[in-house]
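Asks:
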Amino acid sequence: MSDFEDKVRETLANPQNQGEMQDADSVGTVGSPDCGDMLRMWLKFTEKDGKKVIDRASFQSFGCQTAIAVASMATEMLKGKTIDEASQLNAQELSGDLGALPPMKIHCGQLVEGALKNALDANDTPVSESEPSTTLAS
Ligand code: FES
Ligand code: FES
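At position 70 of the sequence shown the residue is numbered 131 (this note's numbering), and the sequence of numbers has no breaks.
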């Protein structure tokens with residue numbers, strides 16, 4: 062068992078921020094052509110020192126364990142980030158303490174990155190009016 066798999070297992074024992082956010086300001090959804098998995102992320106913004114920052118984030122994933130572990134890490138890491146800061150985080154950075162994503166699992170991290178980017182892009186659209194369903198380019 063690799064270090065990465067251990068950390069994924071640990072994270073899955075107690076995943077953070079899982080589930081739909083009823084009062085979200087924004088939502089992003091992305092599907093992976095590599096495995097058919099799908100991930101959705103909700104964001105709630107607040108204002109800090111005159112800047113719009115992420116107050117909290119939540120996610121729902123259908124299928125993949127690695128994507129759930131990355132999304133758990135990412136939704137914790139996103140708290141307090143500005144839109145600019147959040148939009149610059151890549152799949153590896155979003156994986157946080159999980160460590161280096163194995164080559165076969167990179168697309169799982171990219172699923173989280175894609176859902177986040179869609180949610181950030183949608184942040185000026187009322188949640189009720191946005192029904193994003195984008196597919197990641199493979
Ligand atoms: Fe099953 Fe990704 S869809 S592992
Ligand atoms: Fe496809 Fe993880 S195997 S998202």
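Beta carbons are placed, not taken as given, at the ideal position from N, Cα and C, and that holds for glycine.
Based on DSSP bridge pairs, tell me the residues matched to M99.
Replies: G92, F123
Asks: Would you report the Cα separation of A135 and N151, rounded to the nearest angstrom?
Replies: 10 Å
Asks: Counting only the same chain and skipping the five closest in sequence on each side, list residues whose C-beta sits under 7 Å from that of Q77.
Replies: S133, T136, E137
Asks: Are the segment 105-117 and the segment 168-180 touching by the rule of at least three beta carbon pairs closer than 8 Å?
Replies: Contact annotation: the segment 105-117 does not touch the segment 168-180, with fewer than three C-beta pairs closer than 8 Å.
Asks: Can you tell me whether DSSP reads E108 as helix, strand or coil?
Replies: Strand, per DSSP.
Asks: Determine contact between the segment 64-77 and the segment 153-161, defined as no fewer than three beta-carbon pairs at a distance below 8 Å.
Replies: yes
Asks: Name the DSSP bridge partner or partners of V114?
Replies: T107, T143
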